[in-house]
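First the structure, in the form of C-alpha cells, and then the observations on it.
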Amino acid sequence: MNNRLVTMARHPAQLTVSAEDFQILEVPVAEPGERELLVKTIYIGVDAGCRAMMNEDPYVVNMAVGHPFVGTQIAQVVQSNADGFVPGDFVHTLSTWSDFSVFKPAELGPWCYKIDGDLSLAVHLAGLGFTGFTAWVGLNEIARPTQSDTVVVSAAAGAVGYAAGQLARMTGTKRVVGIAGGANKCQYVVEEGGFDACVDYKDPAFADHLKTACPEGIDVYFENVGGKVQQTVLPLMNDFGRIALCGQIAQYGDEVSHGPNWLPLTLKRLKVQGFLANDHFECFAQFRGETEKWFRSGDYKSPVSIVKGLENCHEAINSLISGKNLGRQVIQVAEAY
Ligand SMILES: NC(=O)c1ccc[n+]([C@@H]2O[C@H](COP(=O)([O-])OP(=O)(O)OC[C@H]3O[C@@H](n4cnc5c(N)ncnc54)[C@H](OP(=O)(O)O)[C@@H]3O)[C@@H](O)[C@H]2O)c1
468 MNNRLVTMAR HPAQLTVSAE DFQILEVPVA EPGERELLVK TIYIGVDAGC
518 RAMMNEDPYV VNMAVGHPFV GTQIAQVVQS NADGFVPGDF VHTLSTWSDF
568 SVFKPAELGP WCYKIDGDLS LAVHLAGLGF TGFTAWVGLN EIARPTQSDT
618 VVVSAAAGAV GYAAGQLARM TGTKRVVGIA GGANKCQYVV EEGGFDACVD
668 YKDPAFADHL KTACPEGIDV YFENVGGKVQ QTVLPLMNDF GRIALCGQIA
718 QYGDEVSHGP NWLPLTLKRL KVQGFLANDH FECFAQFRGE TEKWFRSGDY
768 KSPVSIVKGL ENCHEAINSL ISGKNLGRQV IQVAEAY
C-alpha cells in the first residue's frame, strides 16, 4: 500500500501558500499494535487555523519545518486491534495528513469516535463536526444571544460562520446578519442559510450597508476575520454587547493589524471573550444531539467544498484565504472502500 505523508517544507513567505511549502513523503504503512487501529483517510478537514499554524508567530499549535500536518478527518478502519471497532467502520479522528495512519483511539479522547454511515461523511467534519461545534460553543458558551438581540457573524458563508448564523436563528434571536465577500455568497447566506440579511464587505459602501442592515445596532458579534471588518463592526456595537472572538483569518498572513481602540469598549461596557472550542468538549454530546436533529430535518444546512487529492492540499488552504470555499473546506484523499 502506498502511503503519502504531508509535511511542512518551509514557513510560507506570504499569506497564500504554494506546493513548495509542502513536502510529500512516501512512508511505510505501520502495523497496528495492541489497542490500535489502521485507518484509510477519506476526508481531511481544512480550517483557517491550518494556515495560521504554518507561521512562526504564536498560534494554537505552531509547526516546525519538517513536521507532519495533523488535523481532523474521516477515515475508514482497515484493521482493528481496538475494542468497539471493526474493519469498514467510519471514524472521526485526529491524525496525520496521510493516506493511512495508525493510532490508539483511547489516546485521542473526544477526537476519536465512530460515525454513522447514513449521513454524508464530510458533514461529520462540518456542521456536525468541529466547525459546527465551534459555532455552537461561541454562541452558547460565550456570546449567549437573547431573543431581543441582533447577531452579526463574519465569514458567514464559511464553515464556522454559516453554522453560527443558522444556530443563532434557530435559538430564536431577533435578527441575524452575515458579512461575506461578494454578492453571490451574500445571496446564498440569506436564501439558503435563512439569515435576515448579509452584507458584502468588499463593497465600497460596506460600512453604510452594515449600518442599514442593523437598524437597532449590534448586540452580539461572532468574530471570524478581524482586520477591517472588525473595525467596521465595533462602532455599531450596542452598550453591554458581547463579542465572541473565534478567529481572525485576515490577520493570519501579512496584513498588519493595528488592533482596536479599547476606549469604546469601556464606554459601551462590552464583553469580549476569545475561546477555543476544544476547551468545551464536555458539551459535544449536547451539540450533536441538537444539531443532528436539525440537520436530519433539513433546517440546519452544511455545505462542503471539496479539493481532490492529498497533493493538492495547498489549494484547499488557499481556498479559505481567497474565499473560494462555501461552507466547510475538505480534502478528499480517497473513496470509501
Ligand atoms: N476558536 C476556535 O476554536 C476555532 C475553531 C475553528 C476555526 N476557528 C476560526 O474560525 C474562523 C473561520 O474558520 P473556518 O475554518 O470556518 O473558515 P471558513 O470561514 O470556512 O473560510 C474562511 C473564510 O474567511 C473569509 N476571509 C478570508 N480572508 C478574509 C479577509 N481578509 N477578510 C474577511 N474575510 C476573509 C473567506 O470568505 P469570504 O469569501 O467571505 O471573504 C473564507 O471563505 C477562522 O478565523 C478560524 O481560525 C476558530
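Residue numbers for the sequence shown follow my numbering, beginning at 468 and rising by one. Even for Gly, the Cβ is constructed at its ideal location relative to N, Cα and C.
Asked                                                                                                                  : Found
Beta-carbon proximity of glutamine 540 to serine 562, cut-off 7 Å                                                      : yes
Candidates Leu787, Gln753, Val739, Lys507, of which the one nearest phenylalanine 718 by Cα                            : In the sequence under discussion, the amino acid at residue 718 is glutamine, which differs from the phenylalanine named in the question. Glutamine 718 has its Cα closest to that of Leu787, out of Leu787, Gln753, Val739, Lys507.
Inter-residue spacing [alpha-carbon to alpha-carbon] between glycine 639 and threonine 617                             : 11 Å
Residues near phenylalanine 567 in its chain [Cβ-Cβ closer than 6 Å; skip 5 each side]                                 : Asn470, Val496, Lys507
Cross-strand partners of cysteine 665 (DSSP beta bridge)                                                               : Gly645
Three-way DSSP call (helix, strand, coil) for glutamine 740 in this model                                              : strand
Whole-number beta carbon distance between cysteine 653 and aspartate 667, since they are thought to touch under 8 Å    : 5 Å
Length of the line joining the Cα atoms of glycine 605 and phenylalanine 489                                           : 32 Å
Rounded straight-line distance, which links the Cα of glutamine 796 to that of aspartate 820                           : Outside the modelled stretch of the chain, which goes from 468 to 804, sits residue 820, for which no answer is possible.
Contact set for threonine 483: own chain, Cβ-Cβ below 6 Å, skip 5 residues either direction                            : Asn785, Ile788
Which listed residue (Gly645, Leu634, Gly708) has its alpha carbon closest to that of glycine 765                      : Leu634
Coil, strand or helix - tyrosine 655 by DSSP                                                                           : helix
C-alpha distance - leucine 586 paired with valine 558, whole-angstrom precision                                        : 13 Å
Proximity of glycine 714 and alanine 515 at Cβ, strictly below 7 Å                                                     : yes
Phenylalanine 762, enclosing alpha helix (DSSP H) - first and last residue                                             : 751-764
Beta-carbon proximity of alanine 623 to isoleucine 646, cut-off 7 Å                                                    : yes
Separation of arginine 755 from leucine 595, as counted between CA atoms                                               : 6 Å
Start and end residues, alpha helix (DSSP H) containing leucine 734                                                    : 730-734
8 Å contact criterion, which isoleucine 511 and glycine 555 should meet: CB distance rounded                           : Actually they do not touch by this definition, with Cβ atoms about 20 Å apart.
Spatial neighbours of alanine 803 in its chain, beta-carbon cut-off 6 Å, leaving aside the 5 residues before and after : Ile509, Gln543
Closer than 6 Å: threonine 601 CB and nearest ligand 1 heavy atom                                                      : yes
beta-carbon glycine 648 near ligand 1 non-hydrogen atom, thresh 6 Å                                                    : yes
Arginine 471, DSSP secondary structure in three states                                                                 : strand
3-residue-minimum beta strand (DSSP E) runs that sit fully inside the region 471-518, ordered along the chain          : 471-475, 489-493, 504-513
Same chain, Cβ closer than 6 Å to valine 620, five either side skipped, listed in chain order                          : Gly628, Ala631, Gly632, Gly645, Phe689
Three-state class that DSSP yields for asparagine 779 in the structure shown                                           : helix
Closest residue to glutamate 778 among Cys681, Ala486, Ala476 (Cα-Cα distance)                                         : Ala486
Residue environment, threonine 601, which counts as buried when at least 16 other CB atoms sit within 10 Å             : buried
For glutamine 718, three-class secondary structure by DSSP                                                             : helix
Selected residue, minimal CA-CA separation from isoleucine 798, among Val513, Ala672, Lys791, Glu498                   : Val513
Threonine 598 beta carbon near ligand 1 (any heavy atom closer than 6 Å)                                               : yes
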